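Note that my numbering has the sequence shown beginning at 4, numbered continuously upward. A virtual CB, placed ideally from N, CA and C, is assigned to each residue, including glycine. In this text the structure is predicted, and so the values were computed from the model without any measurement. Down below is the structure, laid out as structure tokens.
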Amino acid sequence: MHRIAAEGFSEDGWRYERGRAGYPSEAVDWLVDHLRIGPNSMVADVAAGTGKLTRELAGRCRLLAVEPVPQMHEVLREVTEVPVVEAVAEHLPFADATFDAITIAQALHWFDRERAGNELHRLLKPGTRLGLIWNARDRSHPVVDALWSIMDEIESDAPWRQERARSTNAVPGFGPDNRQDFTQVVETTRQGVEDRMLSVSYISVLAPDKRTEVLAECRAVWDHHLGPEVESFPFPYRVEAYWLERLD
């Protein structure tokens, strides 16, 4: 597991839960349809985090959540009754050909692609599919662009760089990705924006004084673009969903 992910996501699972958006139903429906998930399908949601995707899949299949960070487990067990297995994507404790589908939300960029790909391929039955989904920044909105301009100064060496980490979703043992884009807008308070910023792993690992500085810059963006009297604004996301065929 990448050091920044291990340290950053262990800071506060509930802050991650508050700060991160879920996924729109139409995007989840698209994944379920193209992964051919049904009530009897055995599915693993790998790197489940606080269960943003897990809870949307619950009830549609026989589901396991796989997550390596204990602080995320605490939230997962509060928000869903789906069984949770502690494991990293590069070493998954299941027998070969266990699953009819595997999903990964907001996490592939943290994986050792070769090792994780081998594990995912091993665990999926022949003829099945891998599903990926991300909430991506919609920087066409001036507030979002200003907020992430702050992040640009910090994240240059982080695995998450849209133009680099997702220029391809190539996974060993799988065919080319098939993509569908969606949008969503989440009404977000000032505190919600701060939680969103602090939920970013490479912000969480900063020294306390640097985190305070980042939050001050975020508040200044809010006041400049929205006004100090504004309590919330519609935070826009681009949602990218993909499925990849397991190669036999």
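- Residue range 235-248 is occupied by the beta strand (DSSP E) that includes Ser-235.
- For Asp-115, same chain residues with a beta-carbon under 6 Å away, outside a window of 5 residues either side, are Glu-93 in chain order.
- In the DSSP assignment, Ile-153 falls within the alpha helix (DSSP H) that extends over 145-155.
- Separation of Val-69 and Glu-29 (C-alpha to C-alpha, rounded to the nearest whole angstrom) is 24 Å.
- Taking C-beta atoms as the reference points, Thr-101 and Leu-133 fail to come closer than 8 Å.
- Per DSSP, reduced to three states, the secondary structure at Thr-215 is helical.
- For His-112, the closest of Thr-186, Leu-250 and Ala-139 by C-alpha to C-alpha distance is Ala-139.
- The way I'd put it, the region 243-250 doesn't touch the region 197-208; fewer than three beta-carbon pairs between them come closer than 8 Å.
- A straight line joining the alpha-carbon of Val-49 with that of Val-31 spans about 15 Å.
- Note on geometry: alpha-carbon atoms of Tyr-26 and Thr-53 lie some 13 Å from one another.
- Taking C-beta atoms as the reference points, Val-82 and Leu-66 fail to come closer than 8 Å.
- Just measuring C-alpha positions, the residue of Val-146, Val-147, Val-35 and Glu-197 sitting nearest Ile-107 is Val-35.
- In its chain, beyond the 5 residues on either side, Gln-183, Phe-185 and Ala-244 have a beta carbon closer than 8 Å to the beta carbon of Trp-33.
- Within the model, the alpha-carbon separation for Cys-64 versus Glu-89 is close to 20 Å.
- Within the same chain, Thr-53 and Val-78 come within 7 Å of Glu-20 by CB-CB distance, once the 5 residues on both sides are set aside.
- Within the region 75-128, the complete alpha helix (DSSP H) segments of 4 residues or longer fall at 116-126, listed in chain order.
- Collapsing the DSSP output to three states places Thr-131 in a strand.
- Within 10 angstroms of the beta-carbon of Pro-211 lie fewer than 16 other beta-carbons, which makes it exposed.
- Beta-bridge annotation (DSSP): Met-45 is paired with Arg-65.
- Burial state of Pro-71 is buried, judged by a 10 Å Cβ sphere holding 16 or more other Cβ atoms.
- Where Val-31 is concerned, the enclosing alpha helix (DSSP H) starts and stops at 28-37.
- Straight-line measurement puts the Cα of Arg-23 at about 33 Å from the Cα of Leu-250.
- At a Cβ-Cβ threshold of 8 Å, Glu-190 and Cys-221 do not count as neighbours.
- If you draw a straight line from the Cα of Thr-215 to the Cα of Lys-55, it is about 27 Å long.
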